[in-house]
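Peer 1:
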Amino acid sequence: MKSVESRKVDTVELVKEYLENPVYKEATIVQAEILRSIRKVLDEKGFVELLPVTVSPITDPLNHPHFGTEFEYYGQKYSVTKSMILHKQVAVLVHKKIYIVSPNVRLETEDKMNTGRHLFDFVQIDMEMLEASREEVFDVMEDAIIYTVEKIKEKYPDIIEKYHPTLKTPSKPFKRYTVKELKEKYGDDYEKKASLDVDEPFWMIDIPLMEREFYDKQDPERPEVLLDFDLIYPEGFEEAISGGEREHEYEQIIKRMKLKNTPPEEFEEYLKVAKAGLLKHSAGCGIGVERFTRWILGLDHVENTRLFAKTPGKHSI
Ligand code: ASP
Ligand code: MG
16 MKSVESRKVD TVELVKEYLE NPVYKEATIV QAEILRSIRK VLDEKGFVEL LPVTVSPITD
76 PLNHPHFGTE FEYYGQKYSV TKSMILHKQV AVLVHKKIYI VSPNVRLETE DKMNTGRHLF
136 DFVQIDMEML EASREEVFDV MEDAIIYTVE KIKEKYPDII EKYHPTLKTP SKPFKRYTVK
196 ELKEKYGDDY EKKASLDVDE PFWMIDIPLM EREFYDKQDP ERPEVLLDFD LIYPEGFEEA
256 ISGGEREHEY EQIIKRMKLK NTPPEEFEEY LKVAKAGLLK HSAGCGIGVE RFTRWILGLD
316 HVENTRLFAK TPGKHSI
C-alpha cells in the first residue's frame, strides 16, 4: 500500500509522463477506435445513443462508499452517477434499444489501487434492450467485441505487435460457465484463476442471488440464481462486462430489496415508477472502456489507458 505522502502527484511530472511515455498516445488511439467501433456495431443494429446522466436522485445501489458524492440542490438530494441502470430501464420504454457512453464515479477504497482494473471515475458503454433475454445481449456484445478487436488489428498492427502480439480475435459464440461450475473447478479465487486459464473471453452466468442487486432478475425456475452475467477476459484480465435481465415488477423489486437490506426510501422515485406498472422486462449490460483498452494492449493497469486517470487512493489531475 502506498503511503499517504506518495499518493500526491507532481502535476508537472505527470504532464511530462503523458508527453514522454508513448503508451498514453497509443492507448488513446486504440481507445478512440474502441468507441468508434462499438458505436458503429450498435448503431447498425438499431440502437439509439443517449446522453449520459451525471447526477441524479437515483443511482445504482452498488456497494461503494459515497463519501462526498452526494449533494443537495433546491431541496432535492442528488448523487454522482455510479451507474445509469435505473435510467436505462426507463429509457428502453422510449427506444427499444439504447446505449450511453457513460462516465461513472464509484469511490473505491485504496485497497483497489493495484488491482490493475479499478479507477474511481471510469467510462462504460452501457446498453439496454427492451423485452430481451440475456442471450440476445450476448449476441450483440459478442459482435461488438469481435468487430472491435478485428478493426484494431487491421488499423493498428504496429501497436498490437508492440503491446500484445498474441491478441486473439475471439470466436462466436463465447463459452458460458456457471459460477457453480467455476467454483467447483477453481475454488474461491475462481474468477482470477479461470481468467488465467483461458485464451478467449467467456460469459460467467448464474450469479448467486445474494451477490448482486435488486434489479438483477431472479431466475423464476431456479430462485437461488440470477439471470445475470459477467464477461471475463482471458489471460488474467478478469471482469469486462456486468449485466443481466432486469426485475421490473414492484412486488418482486420490494422482495429483493428486503433480502439485501437495501433501504427502499433511497429508491423512492424509482419505486413509484415500478408501482405505477410502467417498467417492462429488459436486459442489458455495461462494458468498461478503460478495461477493454487494457486487455487489447495487455497493459498492467487501466491508469495507463487514458489521460487524467483516477486511481483509487491516489491523487490525480
Ligand atoms: N451497467 C451494468 C448493467 O447494465 C451494471 C454496472 O454498471 O455495473 O448491469
Ligand atoms: Mg461488475
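Using the working numbering, read the sequence shown as starting at 16 and increasing by one per residue. Glycine included, each C-beta is placed from N, C-alpha and C at the ideal position.
#1: With a threshold of 8 Å, are at least 3 pairs of Cβ atoms found where one atom belongs to the stretch 107-122 and the other to the stretch 62-82?
#2: Can at least three beta-carbon pairs, one atom from the stretch 116-133 and one from the stretch 146-157, be found at a separation below 8 Å?
#3: Taking only heavy atoms of the ligand ASP into account, decide whether any of them is closer than 7 Å to the Cβ of Gln139.
#4: Under the three-state reduction of DSSP, which class applies to Arg321: helix, strand or coil?
#5: Just curious, the alpha helix (DSSP H) that Gln104 is in, first and last residue?
#6: Less than 7 Å between the CB of Ser257 and some heavy atom of the ligand ASP, yes or no?
#7: Look up Lys190 in the DSSP assignment and say whether it is helix, strand or coil.
#8: Residues in its own chain within less than 7 Å of Lys187 by CB, not counting five upstream and five downstream?
#9: To the nearest angstrom, how far is it from the Cα of Lys325 to the Cα of Asp315?
#10: With DSSP run on the structure shown, which of helix, strand or coil describes Val152?
#11: For Leu312 and Ala42, what's the separation of their Cα atoms in angstroms?
#12: Please state the DSSP three-state secondary structure of Arg51.
#13: Residue ranges of each beta strand (DSSP E) run of no fewer than 3 residues wholly in the stretch 221-293, ordered along the chain?
#14: If you follow the alpha helix (DSSP H) that Tyr114 is part of, which residue opens it and which one closes it?
#15: Please go through the same chain and pick out, in chain order, the residues whose beta-carbon is closer than 8 Å to the beta-carbon of Tyr93, but skip the five residues on each side of it.
#16: What separation, rounded to the nearest whole angstrom, lies between the Cα atoms of Leu286 and Tyr230?
#17: Run through DSSP, which three-state label would Leu134 get?
#18: Quick check: the Cα distance between Thr193 and Lys23, rounded to an integer number of angstroms?
#19: Could you pull out every residue in the same chain whose Cβ sits closer than 8 Å to the Cβ of Pro118, ignoring the five residues on either side in sequence?
#20: Could you tell me how far apart the beta carbons of Ile332 and Leu29 are, in whole angstroms, since I believe they sit closer than 8 Å?
#21: Is it buried or exposed, Tyr89, if we count other Cβ atoms within 10 angstroms and call 16 or more buried?
#22: Have a look at Tyr201 and Pro238 and give me their C-alpha separation to the nearest angstrom.
#23: Compare the C-alpha of Asn276 against each of Glu253, Glu226, Lys55 and name the closest.
#24: Can you tell me whether Ser331 is helix, strand or coil according to DSSP?
#25: Apart from the five residues on each side of it in sequence, which residues of its chain come closer than 7 Å, Cβ to Cβ, to Phe307?
#26: State the DSSP-derived secondary structure class of Ala298, mapped to helix, strand or coil.
#27: Which class does Asp204 belong to by DSSP, given the choice of helix, strand or coil?
#28: Going by DSSP, which residues form a beta bridge with Met219?
#29: From this set, Asp154, Tyr39, Lys103, Val45, which residue's C-alpha is nearest Val56's C-alpha?
Peer 2: Taking the coordinates as given:
#1: yes
#2: no
#3: Position 124 of the sequence shown holds residue 139. Yes, the beta carbon of Gln139 sits closer than 7 Å to at least one heavy atom of the ligand ASP.
#4: Here residue 321 refers to the residue found at position 306 when the sequence shown is read from its first residue. Reduced to three states, the DSSP call for Arg321 is coil.
#5: Locating residue 104 in the sequence shown gives position 89, counting from the first residue. Where Gln104 is concerned, the enclosing alpha helix (DSSP H) stretches over 100-109.
#6: Residue 257 sits at position 242 when you count from the first residue of the sequence shown. Indeed, a heavy atom of the ligand ASP lies less than 7 Å from the Cβ.
#7: Position 175 of the sequence shown, counted from the start, is the residue given in the question as residue 190. DSSP places Lys190 in strand when its eight states are reduced to three.
#8: What you label residue 187 is simply residue 172 of the sequence shown in a count that begins at 1. Closer than 7 Å at the Cβ level, and outside the excluded window around Lys187, lie Glu157, Ile161.
#9: Translated into positions along the sequence shown, residue 325 becomes position 310. Translated into positions along the sequence shown, residue 315 becomes position 300. Approximately 15 Å, taken between the alpha carbons.
#10: Stepping through the sequence shown from its first residue, residue 152 is reached at position 137. If DSSP states are grouped into helix, strand and coil, Val152 belongs with the helices.
#11: Residue numbering aside, residue 312 sits at position 297 when the sequence shown is read from its first letter. Residue numbering aside, residue 42 sits at position 27 when the sequence shown is read from its first letter. So the alpha carbons of these two residues sit roughly 7 Å apart.
#12: As a first step, residue 51 is located in the sequence shown; it is residue number 36 there, counting from the start. Here Arg51 sits in helix by DSSP.
#13: 243-248, 253-260
#14: For the purposes of this step, residue 114 is identified with residue 99 of the sequence shown, where counting begins at 1. From DSSP, Tyr114 is part of no alpha helix (DSSP H) but of the beta strand (DSSP E) over 112-120.
#15: If you number the sequence shown from 1, residue 93 lands on position 78. These residues qualify, in order along the chain: Val70, Ser71, Pro72, Glu85, Phe86, Glu87.
#16: Translated into positions along the sequence shown, residue 286 becomes position 271. Translated into positions along the sequence shown, residue 230 becomes position 215. Approximately 11 Å, taken between the alpha carbons.
#17: In the sequence shown, the residue the question calls residue 134 occupies position 119. In this structure, Leu134 counts as coil in the three-state DSSP scheme.
#18: Stepping through the sequence shown from its first residue, residue 193 is reached at position 178. Stepping through the sequence shown from its first residue, residue 23 is reached at position 8. When rounded, the distance between both Cα atoms is 42 Å.
#19: By one-based count along the sequence shown, residue 118 stands at place 103. Contacts found: Pro67, Thr69, Thr96, Asp136, Phe137, Val138.
#20: One-based indexing of the sequence shown puts residue 332 at position 317. One-based indexing of the sequence shown puts residue 29 at position 14. Rounded, the Cβ-Cβ distance is 6 Å, consistent with contact.
#21: Locating residue 89 in the sequence shown gives position 74, counting from the first residue. Result: exposed.
#22: Numbered from 1 along the sequence shown, position 186 holds the residue referred to as residue 201. Numbered from 1 along the sequence shown, position 223 holds the residue referred to as residue 238. Their Cα atoms are separated by approximately 24 Å.
#23: For the purposes of this step, residue 276 is identified with residue 261 of the sequence shown, where counting begins at 1. The shortest C-alpha separation from Asn276 is found at Glu226.
#24: Here residue 331 corresponds to residue number 316 of the sequence shown, with the count starting at 1. Ser331 falls in the coil class under three-state DSSP.
#25: The residue you call residue 307 lines up with position 292 of the sequence shown. So the qualifying residues of the chain are Ile49, Ala255.
#26: As a working note, residue 298 is residue 283 in the sequence shown. Correct three-state label for Ala298: strand.
#27: Within the sequence shown, numbered from 1, the residue matching residue 204 stands at position 189. If DSSP states are grouped into helix, strand and coil, Asp204 belongs with coil.
#28: As a working mapping, residue 219 is identified with position 204 in the sequence shown. BP columns for Met219 point to Tyr192, Asp245.
#29: As a first step, residue 56 must be located in the sequence shown, where it is residue number 41. For Val56, the nearest C-alpha among the options comes from Asp154.
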